[in-house]
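Q: Can you read through this structure? Questions will come right after.
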Amino acid sequence: MLLLLLFMASLLPCGADGGEISWGREATPHSRPYMASISHSHDGEVKRNCGGFLVREDFVLTAAHCRERNMSVTLGAHNLNKNEKNQQVIPVFQAFLHKSYSLLKRDNDIMLLKLRYKARLTSAVKLISLPSREDWEKPGQVCSVAGWGRTSNGRYPSKLREVELQVQAGEKCQRLFRYFNASTQLCVGSPGDRKCAGAGDSGGPLVCGNVAKGIVSYGLEEPERPPEVFTKVSSYLDWIDRIMNVS
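Reading the sequence shown from the start, the letters are residues -18 to -1, 1 to 229 in mature numbering (1 follows the signal peptide of the UniProt record, and there is no 0).
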């Protein structure tokens, strides 16, 4: 039972204590037009569970552990509690999990969502670039993460929030996470303060220089907020191309 509890804790996003804010600030409305909010319906109730990002008019990239039945994607949103004129809600036609995804190890935590129809590109709905195969993420590089995930007060914000984080040396995550794989994962955190991704932000992009370098995957729920693990997008470019070209 203890091992099970430790495993479950390792799959939770980093925590927050007191009244401190784990997310930095509200994003400028529609400044991240690639962002997607992923929700699913169950017993007539719609629940949002993850983030994602638009990589083609008919494909959203996210984390494999975000898979649910009856999923839909909201694009062009800033305030999810309002029916904004820029919003496009599109059902998911098919979910493509990486065939080697491991729930235990959280390796290959990547999924493509084929939309039922193409998104209409506007000023509030745009694609984000993926890295090249030669792209290397250097420790100390400052990147950003955005989402509608839970903040330190335990609430889910209606408006998109963002925070700056730094790429960390892989050794930091190797000490914390038994299955951390530096060839397919990134170690990301914010040393010296308490910024982090929150619950519900899984699947969102780590953006470095307007390029989606990583996907929010998992971390520990600890007040100290250790680094978190992100799926390294550049390691899956062949898989992404193959899925999108045959679907």
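We put the beta carbon where it would ideally sit given N, CA and C, even for glycine.
Can you tell me which of the three DSSP states Glu153 falls into?
A: For the purposes of this step, residue 153 is taken as the residue at position 171 of the sequence shown. Here Glu153 sits in helix by DSSP.
Q: On the DSSP letters alone, give me the boundaries of the alpha helix (DSSP H) that Arg224 sits inside.
A: Along the sequence shown, read from residue 1 onward, the residue named residue 224 stands at position 242. Start and end: 219 to 228.
Q: Does DSSP classify Ile3 as helix, strand or coil?
A: Position 21 of the sequence shown, counting from 1, holds the residue named residue 3. Residue placement at Ile3 cannot be trusted, given a pLDDT of 31 that sits under 50; what the coordinates show is reported in the next sentence. Residue state, collapsed to three classes: coil.
Q: Are the Cβ atoms of Leu86 and Arg49 separated by less than 8 Å?
A: Taking the sequence shown and counting its residues from 1, one reaches residue 86 at position 104. Taking the sequence shown and counting its residues from 1, one reaches residue 49 at position 67. At a Cβ-Cβ threshold of 8 Å, Leu86 and Arg49 do not count as neighbours.
Q: Whole angstroms is fine: what's the gap from Pro209's alpha carbon to Asp89's?
A: For the purposes of this step, residue 209 is taken as residue 227 along the sequence shown, with counting starting at 1. For the purposes of this step, residue 89 is taken as residue 107 along the sequence shown, with counting starting at 1. Straight-line Cα distance between these residues: approximately 17 Å.
Q: How many angstroms separate the CA atom of Asn52 from the CA atom of Gly185?
A: Here residue 52 refers to the residue found at position 70 of the sequence shown. Here residue 185 refers to the residue found at position 203 of the sequence shown. Whole-angstrom Cα-Cα distance: 17 Å.
Q: For Val211 and Ser199, which I take to be in contact (beta-carbon distance under 8 Å), what is that distance rounded to the nearest angstrom?
A: Counting from 1 along the sequence shown, the entry for residue 211 is found at position 229. Counting from 1 along the sequence shown, the entry for residue 199 is found at position 217. Ser199 and Val211 do touch by the CB rule: their CB atoms are close to 5 Å apart, below 8 Å.
Q: On the premise that Ala9 lies in contact with Thr56, defined as a C-beta separation below 8 Å, what is that separation, rounded to the nearest angstrom?
A: The residue given as residue 56 occupies position 74 in the sequence shown. The residue given as residue 9 occupies position 27 in the sequence shown. Not quite, the Cβ-Cβ distance comes to about 15 Å (not below 8 Å), so this is no contact.
Q: Taking the straight line between their C-alpha atoms, what separation do you get for Asp117 and Gln150?
A: Numbered from its first residue, the sequence shown carries residue 117 at position 135. Numbered from its first residue, the sequence shown carries residue 150 at position 168. Each residue's Cα considered, the two are about 16 Å apart.
Q: Which word fits His60, buried or exposed, when buried means at least 16 other C-beta atoms lie within 10 angstroms of its C-beta?
A: Here residue 60 corresponds to residue number 78 of the sequence shown, with the count starting at 1. With 16 or more other Cβ atoms within 10 Å, it is buried.
Q: Can you tell me which of Ser21, Glu39, Cys125 puts its alpha carbon nearest to the alpha carbon of Val107?
A: In the sequence shown, counting from the first residue as 1, residue 107 sits at position 125. Comparing Cα positions, the closest option is Glu39.
Q: How many whole angstroms separate the CB atoms of Val145 and Val127, which I take to be in contact at a CB cut-off of 8 Å?
A: The residue labelled residue 145 in the question sits at position 163 within the sequence shown. The residue labelled residue 127 in the question sits at position 145 within the sequence shown. Yes, Val145 and Val127 are in contact; Cβ-Cβ is about 6 Å, under 8 Å.
Q: Assuming Gly196 contacts Leu188 (C-beta within less than 8 Å), just tell me the rounded distance between them.
A: Here the question's residue 196 lines up with position 214 in the sequence shown. Here the question's residue 188 lines up with position 206 in the sequence shown. About 3 Å separates the two Cβ atoms, so the contact holds.
Q: Is the distance from the Cβ of Leu168 to the Cβ of Lys214 below 8 Å?
A: Here residue 168 refers to the residue found at position 186 when the sequence shown is read from its first residue. Here residue 214 refers to the residue found at position 232 when the sequence shown is read from its first residue. Going by C-beta atoms, Leu168 is nearer than 8 Å to Lys214.
Q: What separation, rounded to the nearest whole angstrom, lies between the Cα atoms of Asn183 and Arg98?
A: Looking up residue 183 in the sequence shown gives position 201. Looking up residue 98 in the sequence shown gives position 116. The amino acid occupying residue 183 in the given sequence is Asp; Asn does not appear at that position. Approximately 23 Å between the Cα atoms of the pair.
Q: How about Ile20 and Thr44: do their beta carbons lie closer than 8 Å?
A: Translated into positions along the sequence shown, residue 20 becomes position 38. Translated into positions along the sequence shown, residue 44 becomes position 62. Against a cut-off of 8 Å, the Cβ pair of Thr44 and Ile20 comes out as a contact.
Q: Which partner residues does Ser111 have in the DSSP bridge list?
A: Here residue 111 refers to the residue found at position 129 when the sequence shown is read from its first residue. Ser111 pairs with Val193.
Q: What's the C-alpha gap between Tyr218 and Arg7?
A: Taking the sequence shown and counting its residues from 1, the one referred to as residue 218 is at position 236. Taking the sequence shown and counting its residues from 1, the one referred to as residue 7 is at position 25. Annotation: Tyr218 to Arg7 spans about 31 Å, alpha carbon to alpha carbon.
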